[in-house]
Amino acid sequence: MKGTLNPDFKKQIAKFPDGANVMNCYLCGTCTAGCPVAGLDSAYSPRTIMRMALVGMKDELLSLNELWKCSQCGRCTSHCPQNARPSDVIKTVREIAVEEGNATGDSISIIAELENDIGRLRLERIEDALRLIEINRNKKNQRIEK
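Pasting the structure below:
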């Protein structure tokens, strides 16, 4: 039944190798601050997913579309001061969703859409890097000419 809390959900997650650190999280939000997907989509938040897992909102979390928006880039994990490994926890929750029949065709569509968005983000970063290289090259040339 939706809306019912399952306090053992975090223990279920922790039984998976990739979910073992779930209880390290103290919900500081550093994961969301470093997440490129959260930068593209304000509805997405690794912190919210971690909170739902910790408080036992299993049914809601397993049916949450945002669960499938994670690109598994690992930035949230590298930023986490508590080594809660949010990207691994999200991967584990996805595995549980698949096992329990909560993954749908929508999940695949969300992942495909995200890949397009992240691909654009990567391209924008490459373009930014090339602009910076060009600016630096121009500055060096100006110094040489003086």
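The numbering of the sequence shown is this note's numbering, which starts it at 1 and goes up by one. Note that beta-carbon positions come from the ideal geometry of N, C-alpha and C, so glycine has one too. Just so it is clear, the structure is predicted and the values come from calculations on it, not from any experiment.
Per DSSP, Ala97 is one residue of the alpha helix (DSSP H) stretching across 86–99. Between Arg75 and Asn21, the gap from beta carbon to beta carbon reaches 7 Å or more.
Distance between Thr32 and His79, taken at the CA atoms: about 9 Å. Excluding five sequence positions before and after Leu61, the CB atoms of its chain that fall closer than 7 Å to its own CB belong to Ile49, Met52, Ala53, Leu67, Val93, given in chain order. Rounded to the nearest whole angstrom, the C-alpha separation of Asn102 and Pro81 is 31 Å.
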